[in-house]
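Note sheet for the following structure.
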Amino acid sequence: MRMSQMFGRTLREAPGDVELISHRLMLRAAMIRPLGAGIFSLLPLGWRVVRKVEQIIREEMDAIGGQELLMPVVHPADIWRETGRYDQVGPEMARFKDRGDRDMVLAMTHEEVVTDLARSEIDSYRQLPRIVYHLQTKFRDEPRARGGLIRVREFTMKDSYSLDRDEDGLETAYRAHWRAYDRIFRRCGLRFIVVGADVGMMGGSESREFMAFSPNGEDTILICPSGDYADNREVATFRRDSPVDEAPLPMEEIETPSTPTIESLARFLDVPLARTAKAVFFKGDSGRFIFAVIRGDLDVNETKLRQASGELGLTPATAEEIRAIGAEPGYGSPVGVRDAFVVADESIRDSPNLVAGANRSGYHLRNVNAGRDYEVDTFADIASAESGSPCPVCGTPMETERAIEVGNIFKLGMRYSAALGATYLDAEGENHPIVMGSYGIGSGRTAATVVEQCHDEKGIRWPITIAPYEVSLLWLGSADDVDTVAAGDKLYHELTAAGIEVLYDDRTDRAGVKFNDAELIGNPIRLSVSSRTLANGQAELRPRGDSESTFVPLDEVVPTVQSLIADLRKPLSGEPVDD
RNA sequence: CGGGGUGUGGCGCAGUCGGUAGCGCGCGGCGUUUGGGACGCUGAGGUCGGAGGUUCGAGUCCUCUCACCCCGACCA
């Protein structure tokens, strides 16, 4: 590609309010342009990157027996009504009516459609297992789009679906996807970890997330330094303290003026946080009041609380709602409250004689014991693991890392096949729902995440596997210097003829402009020719990010570049590499 | 949806007390320059996000509204 002909130009400055590095760099490098909030066009350079990511995905999906197909973006609402999600899913699903006044939706995922296909195409166990996938547009009207391609409303996702006879088959497909995803993200040059995660709206029995490390990540993961545990914070557990062995003492009310927080209370009474009980109040989507109780040194994890309470969503309760059940903000405890669903963390069961609120401003209760002084509707693990929490496997203090979720794998089971009647006949002639799995990768997000991990102060440093071009070729000097321009053109043709992808900066700009753009765009190899290099019959070769150049005789440029490309590709083959 | 912020030429910004819009980059032309974002001359380009209001007069003040960005509850 000749840069003089390229559509889209680089920007010296990004819009001032752009925060994320991948957003800035992709904007500046002429890869993406915004159309609306969370809606982007991909310019030719960015589209090449995304297509390469998608090609890697295709190769790895095909390698595990995936068959590519294409399902529609616009769905009749009826198919979503059949699984109940038409009403379950909130405003993040775009809905509209067609000219016949029929309800339609924009696809935010494709479980319904693939299951509909399965029920019409599959009748017999002989037709199982199958894996199908597609790369298709999804629209999710996110409450808040942010960060360029990291979190958008319209995006392309590779989603695949496994169809199996039974749980064993699902396990095999799930493992195959796990391995394929490992290879995909390694080939893209990402540093990532696989963690356990919440199953969320998909509903299923098991889920893993592929998390790429990034300080700008929206997720927090807990990692045991000894390597035997890693989970998303939303589900992470930790080794609990042993139960306190102490006989229950009589409960007594004490005056504790101006102690609305656990810290102020512990300081006032000079007791450890772990000897207090903390109350956290939520209103569930079902309308119930959810009263969470946890030891004062721990924090409530909302995802876990949602699971434990069976609510689809939780919002913090207002002061009026808290008083309505007989509690007092800042001095709350479950003692004497009404019309609330009380969820207590395991730490409460294991800790007798805690200090808890008296539901009266300025007062607390000493020696409060769950079960004796108040009823608990359910005990559960609702505690949030934090940096330093002991690993649930080995007890080593865990570390936290921020990460971006680039892929996930789900065991769906029979939820969709049962709802839509996608069944098969087994060898005995009996009907069974197909056992399904669902697996997703955001291709644009993956590309942007690579930028988050691979950049320097000059610009992007693409791994060669997904760089827009393998080589940036520039001639330096004056356009009047016909020898230099001719040498550039000749190299461009030779490299291209050898099957090498070249972005040729044939513009009449000065050297500084060309160097800066080459570094911004971030192709892994830079080749330049000028009257100086030509005087020795050479071209200058410089891998992106290196501070040293090598000079290569003109007739050796093609083989030299070919071998360098091969070297750069080696660690990105998809096989595990030692760090 | 709650909180915060910003809307002025393609991009980045300035615009004081309300007085009829400016700077840098970029873009066109001419000339000089040519290995780390050149320089001179010259030119094009703006209903100041939109609507309403106050005023002799509004980019500036008021009301409403829209868009975008950032922080929180959701997800590839």
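With this note's numbering applied, the first sequence corresponds to residues 463 to 1041, in that order.
Don't be surprised by glycine CBs; every beta carbon is placed ideally from N, CA and C.
Evaluate residue i with the Cβ neighbour count: other Cβ atoms within 10 Å of its Cβ, from every protein chain shown; 16 or more gives buried, anything less gives exposed.
i: Ile922; result: buried
i: Ile501; result: exposed
i: Asp707; result: exposed
i: Arg471; result: exposed
i: Pro930; result: buried
i: Asp807; result: buried
i: Glu583; result: exposed
i: Glu1037; result: exposed
i: Lys952; result: exposed
i: Ser624; result: buried
i: Ser879; result: buried
i: Glu516; result: buried
i: Arg490; result: buried
i: Glu932; result: buried
Go ahead and pull the three-state DSSP assignment for residue i.
i: Thr777; result: strand
i: Ala845; result: strand
i: Phe977; result: helix
i: Thr858; result: coil
i: Pro538; result: strand
i: Ile501; result: strand
i: Asp703; result: coil
i: Asp626; result: strand
i: Glu715; result: strand
i: Leu1026; result: helix
i: Met898; result: strand
i: Gly689; result: coil
i: Gly961; result: coil
i: Ile871; result: strand
i: Ala865; result: strand
i: Pro722; result: coil
i: Asp563; result: coil
i: Thr577; result: helix
i: Arg972; result: coil
Can you give me the C-alpha to C-alpha distance between residue i and residue j, rounded to a whole angstrom?
i: Arg495; j: Gly746; result: 40 Å
i: Lys1032; j: Phe1013; result: 23 Å
i: Ser846; j: Val755; result: 13 Å
i: Ile683; j: Ser1035; result: 27 Å
i: Leu652; j: Glu782; result: 48 Å
i: Leu1026; j: Asn985; result: 13 Å
i: Glu914; j: His572; result: 29 Å
i: Leu487; j: Glu890; result: 60 Å
i: Leu611; j: Gly527; result: 29 Å
i: Asp703; j: Gly775; result: 30 Å
i: Cys853; j: His596; result: 38 Å
i: Ala786; j: Ala802; result: 10 Å
i: Glu717; j: Ala499; result: 53 Å
i: Lys600; j: His537; result: 12 Å
i: Leu727; j: Gly772; result: 31 Å
i: Gly857; j: Ala698; result: 13 Å
i: Val567; j: Asp628; result: 31 Å
i: Leu590; j: Asp626; result: 6 Å
i: Lys559; j: Arg543; result: 15 Å
i: Val575; j: Ala739; result: 48 Å
i: Ile1007; j: Glu919; result: Note that residue 1007 corresponds to Gly in the displayed sequence, not to Ile. Using only the alpha carbons, I get a separation of about 10 Å.
i: Ser748; j: Val551; result: 14 Å
i: Ala556; j: Asp585; result: 33 Å
i: Asp812; j: Val804; result: 16 Å
i: Ile483; j: Ile784; result: 42 Å
i: Arg800; j: Pro734; result: 29 Å
i: Ala709; j: Pro814; result: 7 Å
i: Asp1029; j: Met876; result: 46 Å
i: His639; j: Arg520; result: 12 Å
Problem set entry | alpha helix (DSSP H) segments (min. 4 residues) lying fully within the region 595 to 677 | 629 to 649
For this session: Could you say if the region 831 to 842 and the region 648 to 663 meet the contact criterion of at least three C-beta pairs nearer than 8 Å?
Result: no
Problem set entry | At least three beta-carbon pairs within less than 8 Å, the region 696 to 715 to the region 821 to 828 | yes
Problem set entry | Stretch-stretch touch, CB-based, cutoff 8 Å, three pairs: the region 894 to 911 with the region 855 to 874 | Yes: the two stretches touch, three or more of their Cβ pairs being nearer than 8 Å.
Exercise. Can you list, in chain order, the stretches of the alpha helix (DSSP H) that have 4 or more residues and sit fully within the region 905 to 947?
Worked result: 905 to 915
For this session: Any chance you could list the beta strand (DSSP E) runs of at least 3 consecutive residues sitting entirely within the region 728 to 812, in chain order?
Result: Runs found: 739 to 746, 751 to 757, 776 to 778, 803 to 807.
Exercise. Would you call the region 1014 to 1022 and the region 952 to 963 touching, i.e. three or more CB-CB distances under 8 Å?
Worked result: Short answer: they touch.
Exercise. Is the region 986 to 994 in contact with the region 935 to 949, if contact means three or more CB pairs nearer than 8 Å?
Worked result: The answer is yes - the region 935 to 949 touches the region 986 to 994, with three or more Cβ pairs under 8 Å.
Exercise. Does the pairing of the region 903 to 911 with the region 610 to 624 give three or more beta-carbon distances under 8 Å?
Worked result: yes
Problem set entry | Sequence ranges, beta strand (DSSP E) only - wholly within the region 986 to 1031, length at least 3 | The qualifying runs are 987 to 991, 1000 to 1005, 1012 to 1015.
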